[in-house]
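These notes concern the structure reproduced below.
Residue numbers (this note's numbering): 210 to 288.
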């Protein structure tokens, strides 16, 4: 094996090793980014659910207030 062939073999081994490390880092980065996006998505879902719950309770409170006001108006009319 000539020195030129040996040099090319060494360069190709180094290149393949670096590319293998870069691909492994890329896979790890994808999983980390995916987990962060899922965490942010869960936080948004929780906030939407809490706002929805507050809106539902507000509707129930408004309905209760209207029914109480209606009862008072009926009593006032009867007197």
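A virtual CB, placed ideally from N, CA and C, is assigned to each residue, including glycine.
- In three-state DSSP terms, what is residue 210? Locating residue 210 in the chain shown gives position 1, counting from the first residue. Three-state result, residue 210: coil.
- Query: Out of curiosity, what's the CA-to-CA distance linking residue 230 and residue 252?
  - Reply: Locating residue 230 in the chain shown gives position 21, counting from the first residue. Locating residue 252 in the chain shown gives position 43, counting from the first residue. If you take the alpha carbons of residue 230 and residue 252, they lie about 33 Å apart.
- Distance between residue 248 and residue 218 (C-alpha atoms, nearest Å): Residue 218 sits at position 9 when you count from the first residue of the chain shown. Residue 248 sits at position 39 when you count from the first residue of the chain shown. In a straight line, the C-alpha of residue 218 is about 45 Å away from that of residue 248.
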